[in-house]
Amino acid sequence: MLEDRDYMRQPEYPEPRWRPRFRFQWSWTAALLAAYFVVFLAELFIGRFFPKQSVVFDYFALSREGLAHGYVWQLVTYQFMHAGWFHILMNSWAIYMFGREVEAVIGGRKFLALMFSSGIVGGVFQVLVAMVWPQYFGGPVVGASACAFGLVAAFALIFPERELTMLILFVIPIQMRAKTLLIGSAVLAVAGIAFPMDNVANAAHLGGMVMGWFFVRKILQGDWSRLEGALRPAEKFISRRPALEPLETTPAAGFVESEVDPILDKISAHGIQSLTPREREILETARQKIGKR
Numbered sequence: 372m373l374e375d376r377d378y379m380r381q382p383e384y385p386e387p388r389w390r391p392r393f394r395f396q397w398s399w400t401a402a403l404l405a406a407y408f409v410v411f412l413a414e415l416f417i418g419r420f421f422p423k424q425s426v427v428f429d430y431f432a433l434s435r436e437g438l439a440h441g442y443v444w445q446l447v448t449y450q451f452m453h454a455g456w457f458h459i460l461m462n463s464w465a466i467y468m469f470g471r472e473v474e475a476v477i478g479g480r481k482f483l484a485l486m487f488s489s490g491i492v493g494g495v496f497q498v499l500v501a502m503v504w505p506q507y508f509g510g511p512v513v514g515a516s517a518c519a520f521g522l523v524a525a526f527a528l529i530f531p532e533r534e535l536t537m538l539i540l541f542v543i544p545i546q547m548r549a550k551t552l553l554i555g556s557a558v559l560a561v562a563g564i565a566f567p568m569d570n571v572a573n574a575a576h577l578g579g580m581v582m583g584w585f586f587v588r589k590i591l592q593g594d595w596s597r598l599e600g601a602l603r604p605a606e607k608f609i610s611r612r613p614a615l616e617p618l619e620t621t622p623a624a625g626f627v628e629s630e631v632d633p634i635l636d637k638i639s640a641h642g643i644q645s646l647t648p649r650e651r652e653i654l655e656t657a658r659q660k661i662g663k664r
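Residue 372 is where the sequence shown starts when you use the numbering used here, and the numbers rise one by one after that.
What follows is the structure in structure tokens.
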């Protein structure tokens, strides 16, 4: 069935001598990363040619003094600023790794809402902690790390059992599930608030994770019955289409006609790289169904 389609067979003609290895696909994840780098380059330019760059931090970096003066826009602008190349590269890497799949599942508008709300709530957490311990958390805050940790929380709720490979000290690889990464990140953030470290906005990290959890569990899933609960996949709450579990009980012929045919047509028109993670899962389910016949 699937294999009988012409565009599912191996081509019999020779491959072209050259073809592009990279095909850019526009997404809000890519747009935000581009915006971060544009703002960062502007920061470098201002710092080089205008010695009084502290004015920029006074107005756009997040601080309790700024909010006290009514600069509420700092809760958004601080998310686009970074303190150095290592800072922006680490945040961008995390947002790229987790943002692509989260955006593919929940859609662009909800992805943006998740990102900005995580950054705002993370900023509020940081300012509140700074009011309690100004000697440790009183300085201005910049960076998209609260947004990144909001994505980590959302990813862990959507794909809790996904196996990830993390690098300890950027050298030692360690395997862990997404939900384990979220729990470990939360523990480190709380420990960082209890035992402060310089230049680490642990309260913002914790606030971003709290908002990421709240956004998926309460807003997208609509689970207002309780505050606790085991991490579980969220696709069936997020997607308007039926989840994969009910599809597995559909007869093979009807399943192929209703679910697989449109995906195969999309492959024929745009290539297999255009498929979303859900569409790839549907194809895998179809192969399993056909194999059991």
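All C-beta atoms in this analysis are idealised placements derived from N, C-alpha and C, irrespective of residue type, glycine included.
Does the distance from the C-beta atom of residue i to that of residue j stay below 8 Å?
i: N462; j: A515; result: yes
i: V513; j: H453; result: yes
i: M486; j: L403; result: yes
i: W397; j: F482; result: no
i: V427; j: I417; result: yes
i: F457; j: Y407; result: no
i: F508; j: L577; result: no
i: V476; j: P633; result: no
i: A527; j: G494; result: no
i: A565; j: M580; result: no
Can you tell me which of the options puts its alpha carbon nearest to the alpha carbon of residue i?
i: A519; options: I466, F411, W444; result: I466
i: D429; options: Q445, V587, V500, V476; result: Q445
i: G583; options: G470, L538, E534; result: G470
i: L522; options: E472, P567, I539, P544; result: E472
i: F586; options: I529, I545, I653; result: I529
i: S556; options: Q592, Y449, A575; result: A575
i: G479; options: V571, A401, V443, L635; result: A401
i: L460; options: I543, L412, P544, T656; result: L412
i: E532; options: P544, I554, P511, I543; result: I554
Counting C-beta neighbours from all protein chains within 10 Å, is the total for residue i 16 or more, i.e. buried, or is it exposed?
i: L602; result: For L602, the predicted model reports a pLDDT of 46, less than 50, meaning its position is unreliable and no value from the coordinates is stated.
i: M502; result: exposed
i: A525; result: buried
i: R651; result: exposed
i: E599; result: Any reading at E599 must be qualified, since the residue scores a pLDDT of 48, below 50, and its modelled position is unreliable; the value itself is stated next. So E599 ends up on the exposed side.
i: T562; result: Note that residue 562 is Ala in the sequence shown here, rather than Thr. Classification of A562: exposed, given that the 10 Å Cβ count is below 16.
i: I609; result: With a pLDDT of 43 at I609, under the threshold of 50, the modelled position of that residue is not reliable, and no figure is offered here.
i: A605; result: Any reading at A605 must be qualified, since the residue scores a pLDDT of 47, below 50, and its modelled position is unreliable; the value itself is stated next. A605 is buried by the Cβ-count criterion.
i: G437; result: buried
i: P382; result: Legend: pLDDT at P382 = 45, less than 50; position of this residue unreliable, value from coordinates given subsequently. Exposed.
i: R612; result: Caution applies to R612, whose pLDDT of 41 falls short of 50 and renders its modelled position unreliable; the model cannot decide the point.
i: L538; result: exposed
i: A657; result: buried
Which residue comes first and which comes last in the beta strand (DSSP E) that contains residue i?
i: R548; result: 543-548
i: L538; result: 534-539
What are the boundary residues of the alpha helix (DSSP H) that residue i is part of?
i: Y407; result: 399-420
i: W464; result: 456-477
i: I529; result: 516-529
i: V447; result: 445-448
i: L577; result: 573-585
i: Q506; result: 505-508
i: A324; result: Absent from the model: residue 324. The displayed extent of the chain is 372 to 664, so no value can be given.
query: Counting Cβ pairs closer than 8 Å, one from the segment 539-551 and one from the segment 485-494, do we hit at least three?
result: Taking a cut-off of 8 Å on C-beta distances, the segment 539-551 does not touch the segment 485-494, as fewer than three cross pairs fall below it.
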